[in-house]
Structures are given as structure tokens and as C-alpha cells.
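Per this note's numbering, the very first residue in the sequence shown carries number 4; after that it's consecutive.
I have placed the structure first, in the form of C-alpha cells, so that the comments after it can refer back to it.
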Amino acid sequence: MAFPKIPKEHHALFYQRIPRDPRIETKQMFGAAVGMVNGQLFGGLWGNSIMVKLSPADSKEAAKLDGTYPFDPMQTGRQMMSALVLPDDVVDEPDEMRAWLKKAFEYTATLPPKRKKAPAKKKKRPTPSSA
Numbered sequence: 004m005a006f007p008k009i010p011k012e013h014h015a016l017f018y019q020r021i022p023r024d025p026r027i028e029t030k031q032m033f034g035a036a037v038g039m040v041n042g043q044l045f046g047g048l049w050g051n052s053i054m055v056k057l058s059p060a061d062s063k064e065a066a067k068l069d070g071t072y073p074f075d076p077m078q079t080g081r082q083m084m085s086a087l088v089l090p091d092d093v094v095d096e097p098d099e100m101r102a103w104l105k106k107a108f109e110y111t112a113t114l115p116p117k118r119k120k121a122p123a124k125k126k127k128r129p130t131p132s133s134a
């Protein structure tokens, strides 16, 4: 599965426009800059735009923007809960991008911390029998 290309200059824009809060952790996931709080993804770059995890009220507001669509990164019909991809032109508007990322951060910060998965147990391999 090929993920959409992200313009290199969008990484700097993302880092400049995420809220300034010590609880935020930034990472690179699948070649995209993302922001996390309490182990939960709240927003990140996606193609020429951004994806954000929003409250139900903010999701309704975002859905009114022409070009907003559900975030389904694997294109399997399984949308990431509460996550939307905003129209590409949001990245061109610094204040608008900051506002959406702030809403996403504030909402996601209210969610329970994501638990880390336990490491997978190694399966024992059968030993070849001597003949």
C-alpha cells in the first residue's frame, strides 16, 4: 500500500503550527510528521493536507468544509475513529491550520491514555527431528 506523498515543506509548517504544550510528542509515522498526546494521535500530515482527530461537534464543523473526508489510511473502509482529513487549502492558511490542530489536541487530550501493547510472545519453533 502506497501512502500519499507529503511535500517536504509541509513538515516545517506542521511543527510550527502545532500547539506549544509539553504533553505533545512528535514523531514520524510512515513518512509523515504527527502529533500525539497521552499516546493518542491527534493530528498529522496526510498527502497535501492534515488529518485531525476531532470531537463530535468539531467533526460536524469540519465536515462542512468542501473536501473533508474520513481518515482511512489503509483504504480498507475502516475509518480511524473521530479522524478526518481536511481540505488541502487548510495548510495554506496558517491560522486555520493552527486552529484545527489546537481543537484536535484539546479533544484528544481528554481521551484516556493509550496503553502500550505488550510485546508479542515468541512462538517456539519445532525442532527438526533426526531421521
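Glycine included, C-beta positions come from ideal geometry on N, C-alpha and C.
Less than 8 Å between the CB atoms is what I'm expecting for residue i and residue j, so what's the real figure, rounded?
| i | j | result |
| --- | --- | --- |
| ALA36 | VAL55 | Incorrect: roughly 13 Å between the Cβ atoms, too far for contact. |
| TYR72 | VAL88 | 5 Å |
| LEU16 | VAL94 | 6 Å |
| LEU137 | GLY46 | It is not possible to answer for residue 137, since the shown part of the chain is limited to 4 through 134. |
| GLY42 | THR29 | With 8 Å as the limit, GLY42 and THR29 do not qualify as a contact, their Cβ atoms being about 13 Å apart. |
| ALA112 | VAL40 | 5 Å |
In the DSSP output, what is residue i paired with across the bridge?
| i | result |
| --- | --- |
| PRO10 | In DSSP, PRO10 forms no bridge with anything. |
| PRO73 | LEU87 |
| ILE27 | VAL40 |
| ILE21 | Answer is none; ILE21 lacks a bridge partner. |
| LYS56 | ALA86 |
Taking the straight line between their C-alpha atoms, what separation do you get for residue i and residue j?
| i | j | result |
| --- | --- | --- |
| PRO90 | ALA66 | 10 Å |
| ASP98 | SER52 | 14 Å |
| ASP75 | TRP49 | 11 Å |
| ARG23 | LYS117 | 21 Å |
| PHE33 | PHE6 | 8 Å |
| ALA107 | GLN19 | 16 Å |
| PRO25 | SER58 | 22 Å |
| ILE27 | HIS14 | 16 Å |
| ILE9 | PRO122 | 31 Å |
Applying the 10 Å Cβ sphere with the 16-neighbour rule, what's the burial state of residue i?
| i | result |
| --- | --- |
| MET84 | exposed |
| ASP61 | buried |
Would you please verify whether the beta carbon of residue i is less than 8 Å from any beta carbon of chain C?
| i | result |
| --- | --- |
| LEU68 | No chain C is present in this structure, which holds just one protein chain. |
Worksheet entry | alpha helix (DSSP H) segments (min. 4 residues) lying fully within the segment 89-127 | 97-111
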